[in-house]
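Visitor: Residue numbers (the working numbering): 268 to 616.
One structure, pasted below without further comment.
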């Protein structure tokens with residue numbers, strides 16, 4: 268909470284000459300994934316970004332104001348909750364990644380260590396498929412949290428062991444969205460969010476648009492997915508309160524450009540990132556051109572999902588056809604049965 272609060276204060280300072288000093292719902296929008304911790308992170312961040320002033324102070328003893336945090340349910344989140352679910356092709360790519368030479372060459376040096384970890388933790392590593400269950404990643408994260416809060420770690424969790432677990436967690440994140448067929452993975456994952464952000468930036472070039480800032484409160488996998496898609500990932504797990512900035516600039520001639528900054532350490536200024544093939548201040552048109560290979564026009568189709576409405580229509584057509592055939596057969600039987608009755612001198616009543 269303290270880290271996110273300080274991030275909010277930093278954002279306030281960074282954009283003091285741009286962002287309105289008081290909260291304005293038309294200028295600012297924030298969305299979170301549907302997890303308690305990310306919603307709480309968003310609220311902590313907002314308390315640092317928009318402390319109430321003047322007329323917005325509704326309680327002099329509490330310098331805080333309620334600001335809406337928008338949430339989309341997990342089952343329908345196709346924006347922030349990575350890896351995006353409901354994509355059969357991505358699941359296939361994960362299985363292919365597990366057996367690929369690229370992944371095997373990276374995991375091979377850790378094979379003996381993984382066997383030792385299975386004994387120490389009691390976890391079933393499912394034939395070392397660290398991409399499938401994230402058990403090792405979650406175990407490392409637990410130890411990391413405990414060490415931050417000065418808890419005593421298990422005897423086997425030495426500095427060297429935790430260091431190797433961190434490297435494997437980093438490999439898991441990298442392999443989830445990259446290592447093997449990275450561009451196709453990005454089209455199905457991080458590129459989706461890149462496209463959303465790019466469209467928001469393009470809309471901001473419209474002088475009539477009032478919104479100045481959009482903020483997303485999500486996960487380390489969200490940052491990993493978008494950075495790997497943009498080929499700006501540093502290979503490290505994003506720490507708590509890590510923030511990826513996308514900034515739109517307009518020069519005196521009216522031309523637009525995008526800058527990307529990554530803040531993963533509160534003791535230094537954010538790192539200026541450069542999209543491969545462009546400059547650090549990348550012209551908007553060039554940026555859009557360079558990211559086009561990772562943007563899909565039909566995510567569901569590329570995922571291999573069937574067109575449910577098409578299936579419904581086909582099923583309806585088949586049902587109508589079968590009903591038509593059934594009616595023809597029924598009419599034929601009635602006609603034939605009627606002739607038989609007349610031949611046998613039965614009298615209709």
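Ideal Cβ placement from N, Cα and C applies to all residues, glycine included.
#1: Buried or exposed for residue 423, please, with buried defined as at least 16 other CB atoms from any protein chain shown within 10 angstroms of its CB.
#2: Going along the chain, which residues of its own chain have a beta-carbon closer than 8 Å to the beta-carbon of residue 272, five neighbours each way excluded?
#3: Taking one C-beta from the segment 372 to 382 and one from the segment 447 to 460 each time, how about it: are there three or more such pairs within less than 8 Å?
#4: Does the separation of the CB atoms of residue 531 and residue 505 fall below 8 Å?
#5: Here's the rule I'm using: 16 or more other beta-carbon atoms within 10 Å means buried, otherwise exposed. How should residue 280 be labelled?
#6: On the three-pair Cβ rule with 8 Å, is the segment 475 to 495 touching the segment 413 to 431?
#7: In the DSSP output, what is residue 529 paired with across the bridge?
#8: To the nearest angstrom, how far is it from the Cα of residue 444 to the Cα of residue 337?
#9: Excluding five sequence neighbours on each side, which residues of the same chain lie with their C-beta closer than 8 Å to the C-beta of residue 516?
#10: For the segment 314 to 394, list the alpha helix (DSSP H) runs that are entirely contained and at least 4 residues long, ordered along the chain.
#11: Between the segment 290 to 302 and the segment 320 to 340, are three or more C-beta pairs nearer than 8 Å?
#12: According to DSSP, is residue 270 part of a helix, a strand, or is it coil?
#13: Could you tell me whether the Cβ atoms of residue 274 and residue 545 are closer together than 8 Å?
#14: Kindly indicate the opening and closing residues of the alpha helix (DSSP H) around residue 490.
#15: What number of angstroms, rounded off, separates the C-alpha of residue 513 from the C-alpha of residue 528?
#16: Of all the options 482, 520, 519 and 518, which has the alpha carbon lying nearest to the alpha carbon of residue 508?
#17: Tell me which residue opens and which closes the beta strand (DSSP E) that residue 481 is part of.
#18: Would you list the residues sitting across from residue 550 in a DSSP beta bridge?
#19: When you compare only the Cα positions, how much space is there between residue 395 and residue 452?
#20: Just the Cα atoms here: how many angstroms apart are residue 325 and residue 331?
#21: I'd like the list of long-range same chain contacts for residue 462, defined as Cβ closer than 7 Å, with 5 residues on each side in sequence excluded.
#22: Could you tell me the boundaries of the alpha helix (DSSP H) in which residue 299 lies?
#23: Do residue 390 and residue 382 have their C-beta atoms closer together than 8 Å?
#24: Leaving out five residues before and five after residue 447 in sequence, what residues of the same chain have Cβ atoms less than 8 Å from its Cβ?
#25: If contacts are defined as beta-carbon pairs under 8 Å, then residue 490 and residue 449 qualify, I think. What distance do you get, rounded to the angstrom?
#26: Give the C-beta separation of residue 479 and residue 285 to the nearest angstrom, bearing in mind that I take them to be a contact with Cβ-Cβ under 8 Å.
Guide: Per the coordinate set shown:
#1: If you number the chain shown from 1, residue 423 lands on position 156. Its Cβ having fewer than 16 others within 10 Å, residue 423 is exposed.
#2: Taking the first residue of the chain shown as 1, we reach residue 272 at position 5. Closer than 8 Å at Cβ, skipping near neighbours: 311, 312, 314 and 315.
#3: no
#4: By one-based count along the chain shown, residue 531 stands at place 264. By one-based count along the chain shown, residue 505 stands at place 238. For residue 531 and residue 505, yes; Cβs fall inside 8 Å.
#5: Reading the chain shown from its first residue, position 13 is the one you call residue 280. Residue 280 comes out exposed.
#6: At 8 Å Cβ cutoff, the stretches do not touch.
#7: Numbered from 1 along the chain shown, position 262 holds the residue referred to as residue 529. In DSSP, residue 529 forms a bridge with 511 and 538.
#8: Mapped onto the chain shown, residue 444 falls at position 177. Mapped onto the chain shown, residue 337 falls at position 70. Approximately 26 Å between the Cα atoms of the pair.
#9: The sequence position of residue 516 within the chain shown is 249, counting from 1. Same-chain partners within the cutoff: 523, 524, 525, 526 and 548.
#10: 355 to 366, 368 to 374 and 378 to 388
#11: yes
#12: By 1-based counting over the chain shown, the position of residue 270 is 3. Here residue 270 carries a helix assignment [DSSP, helix/strand/coil].
#13: Here residue 274 is taken as the residue at index 7 of the chain shown, counted from 1. Here residue 545 is taken as the residue at index 278 of the chain shown, counted from 1. Contact flag unset, no.
#14: Within the chain shown, numbered from 1, the residue matching residue 490 stands at position 223. 487 to 496 is the extent of the alpha helix (DSSP H) around residue 490.
#15: Numbered from 1 along the chain shown, position 246 holds the residue referred to as residue 513. Numbered from 1 along the chain shown, position 261 holds the residue referred to as residue 528. Whole-angstrom Cα-Cα distance: 7 Å.
#16: In the chain shown, counting from the first residue as 1, residue 508 sits at position 241. Among 482, 520, 519 and 518, the Cα nearest to that of residue 508 belongs to 482.
#17: Taking the chain shown and counting its residues from 1, one reaches residue 481 at position 214. It spans 480 to 484 - the beta strand (DSSP E) in which residue 481 sits, taken as one unbroken run.
#18: Residue 550 sits at position 283 when you count from the first residue of the chain shown. In DSSP, residue 550 forms a bridge with 524.
#19: For the purposes of this step, residue 395 is taken as the residue at position 128 of the chain shown. For the purposes of this step, residue 452 is taken as the residue at position 185 of the chain shown. Any reading at residue 395 needs caution, since the residue's pLDDT is 47, under 50, leaving its predicted position unreliable; the model's value is listed next. Taking the straight line joining both Cα atoms gives about 22 Å.
#20: Within the chain shown, the letter at position 58 stands for residue 325. Within the chain shown, the letter at position 64 stands for residue 331. When rounded, the distance between both Cα atoms is 8 Å.
#21: Working through the chain shown from its first residue, we reach residue 462 at position 195. Residues 562 of the same chain have their beta carbon placed closer than 7 Å to that of residue 462, with the five preceding and five following residues left out of the count.
#22: Here the question's residue 299 lines up with position 32 in the chain shown. Segment 295 to 299 is the beta strand (DSSP E) holding residue 299; no alpha helix (DSSP H) there.
#23: One-based indexing of the chain shown puts residue 390 at position 123. One-based indexing of the chain shown puts residue 382 at position 115. For the pair residue 390 and residue 382, the CB atoms are not nearer than the 8 Å cut-off.
#24: Here residue 447 corresponds to residue number 180 of the chain shown, with the count starting at 1. Only 360, 363, 364, 367, 369 and 370 meet the Cβ criterion.
#25: If you number the chain shown from 1, residue 490 lands on position 223. If you number the chain shown from 1, residue 449 lands on position 182. The pair is not a contact, with the Cβ atoms about 16 Å apart (cut-off 8 Å).
#26: The residue you call residue 479 lines up with position 212 of the chain shown. The residue you call residue 285 lines up with position 18 of the chain shown. Contact flag correct, Cβ pair sits at about 7 Å.
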